[in-house]
Amino acid sequence: MEENIIYEPPKHRGLYLDPRTKVLVMLVLATLIFFVHKNLILNSILVFIPIFLLISDKRYRPAFIYGGLFVIAIFVKIYGGKFEFPYLISMILGLIVELIFRFFPVFMFGYYIIKSTKPNEFISAMNLWHVPEAFIIPVSVVFRFVPTLAEENKSISNAMRMREIRFGTKKFLKNPSMILEYRLVPLMMSVAKIGEELSAAALSRGLGGLKKRTCMVELRFGIWDAGMAILIGVLVIWTIMGRI
């Protein structure tokens, strides 16, 4: 007697956010962060959110690098006015600090979304929102493209290290253009090839077809999504009250 095989999606343990929650939080974060430049405490909380999520996803290296940059930016913002720097250095420091406070949180949150979200989860979430496939297909390709490109870049770096073609070596000092020829050119060729292969793979899986595509991933909001919604709501109210 044949038994019906029913697919059961893997259960997520620990801190898991629905892809829809991630997208909404990133949009709210990108909006709020431009209205809290005078409130250092609120700005710090907004910056800490992507750091905390990266640590929860075991992305310790980018989390600690960004956290270190943020600590330096806070030190410069608090004590920078007590020191006299030349005009050019002061302008560069101010630009770097503003980049860390304004743009880096959004970039790090986008990095967290790409690293923690599987393409099938993202596609299922966008289908639940009835997002057009003209948007879903390119973005789903990006979710595969970034990790694949990182692996390709690592392979090229290992090959160049074996040939001693890197900054500071005798071959580099003798002919610096070798970096362009042996590193950037293969990387550019890999980018074009990876893009074509991933686009073909997405279409072969049914994306862009005439019939409605089904998805075996079950998405539902959980306790962490509710907690994140409450936190974002508090931050929005705090920002509005601070602007009044």
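Heads up: the sequence shown at position 229 corresponds to 232 in our numbering, and the numbers run straight through without jumps. Yeah, the Cβ is synthetic: ideal placement off N, Cα and C, and Gly gets one too. Please read these numbers as outputs of a predicted model, since none were measured by experiment.
Secondary structure of residue 41 (DSSP, three-state): coil. Taken through DSSP and simplified to helix, strand or coil, residue 20 comes out as coil.
DSSP, read as helix, strand or coil, puts residue 141 in helix.
Between residue 104 and residue 35, the alpha-carbon positions lie close to 12 Å from each other. Contact between the segment 186-206 and the segment 139-151 is present: 3 or more CB-CB pairs across the two stretches fall below 8 Å. Nearest C-alpha to residue 218 among 133, 137 and 123: 123. In the structure shown, residue 163 adopts helical secondary structure according to DSSP, grouped into three states. Per DSSP, residue 185 is not a residue of any alpha helix (DSSP H), being assigned neither H nor E. Annotated as distal: residue 60 and residue 222, with beta-carbon spacing of 7 Å or more. In this structure the segment 85-98 does not touch the segment 61-68; the number of beta carbon pairs closer than 8 Å is below three.
Taking 7 Å as the cut-off, the Cβ atoms of residue 100 and residue 80 count as close. Between residue 73 and residue 242, the C-beta spacing is not below 7 Å. One alpha carbon belongs to residue 28, the other to residue 245, and they sit about 20 Å apart.
Comparing alpha carbon positions, the residue from 147, 233 and 161 closest to residue 202 is 147. Residue range 122-131 is occupied by the alpha helix (DSSP H) that includes residue 123.
Only buried fits residue 115, as 16 or more other CB atoms lie within 10 angstroms of its CB.
Here residue 42 has 245 as same chain residues with Cβ atoms under 6 Å from its own Cβ, once five neighbours each way along the sequence are excluded. Annotated three-state conformation of residue 170 is coil, per DSSP. Bounds of any alpha helix (DSSP H) do not take in residue 36, whose DSSP letter is neither H nor E. Note on geometry: alpha-carbon atoms of residue 96 and residue 135 lie some 42 Å from one another.
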